[in-house]
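Chemist: My structure is below; once you've seen it, I'll send some questions.
Numbering (full-length UniProt numbering), first residue to last: 1 to 400.
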């Protein structure tokens with residue numbers, strides 16, 4: 001025995017050889033105890049169990065190298081990082097099959113087996129030294145395990161962020177297909193309730209895109225909503241699920257956008273149709289400049305007039321279907337009264353004089369206009385939308 005308490009090189013080599021021969025038996029013993037003592041082990045398939053066996057064998061072999069290199073670690077060289085030496089034999093997917101807590105249980109059991117089995121295969125004079133090294137090795141292996149799982153979590157987080165950005169980008173570009181549903185499901189999207197897309201300026205406070213999207217998701221979950229988001233240049237796009245009230249959904253997430261209009265697209269019944277909501281929300285964001293006093297959060301329908309003037313065919317189609325068509329179907333009196341009322345600057349009395357009818361008749365017809373279109377002629381903002389719809393309707397009729 002040397003003065004340092006460790007056996008000389010020749011004796012140490014003999015101890016190492018004995019322990020190396022014991023590795024297969026150690027692995028077999030540990031696997032048998034795991035099967036008997038750990039319920040989760042039964043749930044692993046054959047391939048996953050083989051990877052566990054590989055990790056155990058690598059762990060025991062690495063300990064023997066650790067033991068052999070103990071003196072050299074303090075002077076000349078160091079063994080390879082344990083995270084690579086022990087866990088490098090197993091695929092990254094194993095961290096998704098076995099939790100960190102389960103891995104710690106496996107390591108604790110393997111160290112227990114090593115303490116009893118390895119000490120028994122060496123001479124009694126060397127057993128205490130081997131057990132001391134096992135304890136040191138177990139501590140280092142615990143740190144290596146934490147490093148492996150932390151790295152796996154970072155990798156999954158980075159991959160999820162890229163996948164989420166891909167899903168949102170596909171929706172924004174109108175390229176949604178069944179793959180979108182699958183990818184969204186992998187991100188935890190449950191697909192319950194109606195869906196809307198919200199767009200607005202991305203925060204300019206220096207926050208990373210990942211941090212911005214994390215905050216959006218947290219706010220959505222707190223409100224009982226689902227959310228997928230992505231920062232696209234200076235724009236933040238969020239796909240929101242479980243929406244019953246677009247205005248409320250917009251109000252919940254608006255604080256996570258920068259200053260400027262935040263536009264909520266119309267509700268659609270499925271993620272695969274979310275590109276329709278996205279197209280209208282983006283069109284509304286482009287056209288919002290035409291409404292200088294626009295509120296912080298608006299729906300794309302609130303901007304129908306500006307979108308139509310900006311050349312958005314969907315807005316023009318919506319105005320034709322929800323304003324012009326119902327008015328024309330209700331007979332000529334409503335359209336005539338509405339246009340006269342708008343031409344007379346919103347004066348009921350002046351409109352009545354122009355039409356040679358009683359003011360109450362005008363009031364009745366204007367109420368009918370609101371009933372069939374959902375827009376109130378007496379409201380300045382809604383009157384503007386009615387005016388644009390009527391003008392577009394006339395232009396369309398003139399082109400036929």
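Even glycine gets a Cβ: it sits at the ideal position worked out from N, Cα and C. For clarity, every value in this text was computed on a predicted model and none was experimentally measured.
What are the start and end residues of each continuous alpha helix (DSSP H) run of 4 or more residues lying completely inside the stretch 304-370, in chain order?
Modeler: Fully enclosed alpha helix (DSSP H) runs of 4 or longer: 304-309, 313-319, 325-329, 332-343, 348-355.
Chemist: Go ahead and pull the three-state DSSP assignment for residue 270.
Modeler: Residue 270 falls in the coil class under three-state DSSP.
Chemist: Assuming residue 114 contacts residue 60 (C-beta within less than 8 Å), just tell me the rounded distance between them.
Modeler: Contact holds; Cβ gap of about 7 Å.
Chemist: For the beta strand (DSSP E) containing residue 194, list its first residue and its last residue.
Modeler: From DSSP, the beta strand (DSSP E) with residue 194 extends over 194-201.
Chemist: From which residue to which residue does the beta strand (DSSP E) around residue 235 run?
Modeler: Where residue 235 is concerned, the enclosing beta strand (DSSP E) stretches over 235-243.
Chemist: Quick one, which of 385, 53, 67, 285 has its alpha-carbon nearest residue 24's?
Modeler: Here the closest residue by C-alpha is 53.
Chemist: In terms of residue numbering, what span does the alpha helix (DSSP H) encompassing residue 222 cover?
Modeler: Unbroken alpha helix (DSSP H) run through residue 222: 209-222.
Chemist: With respect to the alpha helix (DSSP H) encompassing residue 47, which residues constitute its N-terminal and C-terminal limits?
Modeler: First-last of the alpha helix (DSSP H) with residue 47: 46-68.
Chemist: Could you tell me the alpha carbon to alpha carbon distance between residue 215 and residue 307, rounded to whole angstroms?
Modeler: Between residue 215 and residue 307, the C-alpha separation is close to 30 Å.
Chemist: From residue 27 to residue 187, what does the alpha carbon distance come to, in whole angstroms?
Modeler: Whole-angstrom Cα-Cα distance: 37 Å.
Chemist: Considering only the alpha carbon of each residue, which of 367, 277, 273, 300 lies closest to residue 284?
Modeler: It is 300 whose Cα lies nearest to the Cα of residue 284.
Chemist: How many Å lie between residue 294 and residue 277 at the Cα?
Modeler: Cα to Cα, the separation comes out at about 20 Å.
Chemist: State buried or exposed for residue 218, treating a residue as buried only when at least 16 other CB atoms are found within 10 Å of its CB.
Modeler: Flag for residue 218 reads exposed.
Chemist: Pull up the distance between the alpha-carbon of residue 383 and that of residue 224, whole angstroms please.
Modeler: Rounded to the nearest angstrom, the two C-alpha atoms are 36 Å apart.
Chemist: Just to confirm the assignment, what range does the alpha helix (DSSP H) spanning residue 264 have?
Modeler: It is not in any alpha helix (DSSP H) - residue 264 instead sits in the beta strand (DSSP E) that spans 262-264.
Chemist: Got a sec? Which residues, its chain only, sit under 8 Å from residue 91 by beta carbon, not counting five neighbours each side?
Modeler: In this predicted model, residue 91 has a pLDDT of only 48, less than 50, meaning its place in the structure is not dependable; the value taken from the coordinates is given anyway. Within the same chain, residue 91 has close Cβ partners 51.
Chemist: Is there contact here, the stretch 256-273 with the stretch 192-207, by at least three beta-carbon pairs under 8 Å?
Modeler: Verdict: yes, contact present.
Chemist: Within 10 angstroms of the Cβ of residue 356, are there 16 or more other Cβ atoms? Answer buried if so, exposed if not.
Modeler: So residue 356 counts as exposed.
Chemist: With respect to the beta strand (DSSP E) encompassing residue 187, which residues constitute its N-terminal and C-terminal limits?
Modeler: Here residue 187 belongs to no beta strand (DSSP E), and DSSP marks it neither H nor E.
Chemist: Quick one: what does DSSP say residue 229 is sitting in, helix, strand or coil?
Modeler: Note: residue 229 maps to strand in three-state DSSP.
Chemist: Give every residue of the same chain whose Cβ lies closer than 6 Å to the Cβ of residue 388, excluding the five residues on either side of it in the sequence, and list them in chain order.
Modeler: The answer, listed in chain order, is 305, 308.
Chemist: Look at residue 261 and residue 227 and say whether their C-beta atoms are less than 8 Å apart.
Modeler: Their beta carbons are not under 8 Å apart, which means residue 261 does not touch residue 227 by this criterion.
Chemist: Can you list, in chain order, the residues of its chain whose CB lies under 6 Å from that of residue 68, leaving out five sequence neighbours each side?
Modeler: The answer, listed in chain order, is 16.
Chemist: Rounded to whole angstroms, how far is the Cβ of residue 282 from the Cβ of residue 338, which I believe are closer than 8 Å?
Modeler: Not quite, the Cβ-Cβ distance comes to about 31 Å (not below 8 Å), so this is no contact.
Chemist: Should residue 211 go down as buried or exposed, given a rule of 16 or more other Cβ atoms within 10 Å for buried?
Modeler: Classification for residue 211: exposed.
Chemist: Classify residue 167 as helix, strand or coil using the three-state DSSP reduction.
Modeler: Helix at residue 167.
Chemist: If I follow the unbroken alpha helix (DSSP H) through residue 298, where does it start and stop?
Modeler: That residue, residue 298, is in no alpha helix (DSSP H); its beta strand (DSSP E) goes 297-299.
Chemist: Considering just the uninterrupted stretch of the alpha helix (DSSP H) at residue 292, what are its terminal residues?
Modeler: Segment: none, residue 292 is in no alpha helix (DSSP H) and carries neither H nor E.
Chemist: Taking just the CA atoms, how far does residue 170 sit from residue 183?
Modeler: Cα to Cα, residue 183 sits roughly 11 Å from residue 170.
Chemist: Taking only the alpha-carbon atoms, compute the straight-line gap between residue 379 and residue 179 and give it to the nearest angstrom.
Modeler: Roughly 45 Å between the two C-alpha positions.
Chemist: For the alpha helix (DSSP H) that contains residue 252, what are its first and last residues?
Modeler: From DSSP, the alpha helix (DSSP H) with residue 252 extends over 246-253.
Chemist: Leaving out five residues on either side along the sequence, give the residues of the same chain with a beta carbon under 6 Å from the beta carbon of residue 3.
Modeler: Legend: pLDDT at residue 3 = 41, less than 50; position of this residue unreliable, value from coordinates given subsequently. If we look at residue 3 and ignore the five residues flanking it on each side, it has no Cβ neighbours.
Chemist: Helix, strand or coil for residue 43? Go by DSSP, reduced to three states.
Modeler: Residue state, collapsed to three classes: helix.
Chemist: Measuring alpha carbon to alpha carbon, tell me which residue in 296, 221, 274, 275 is nearest residue 250.
Modeler: Ranking 296, 221, 274, 275 by Cα distance to residue 250 puts 296 first.
Chemist: From residue 121 to residue 19, what does the alpha carbon distance come to, in whole angstroms?
Modeler: Approximately 7 Å, taken between the alpha carbons.
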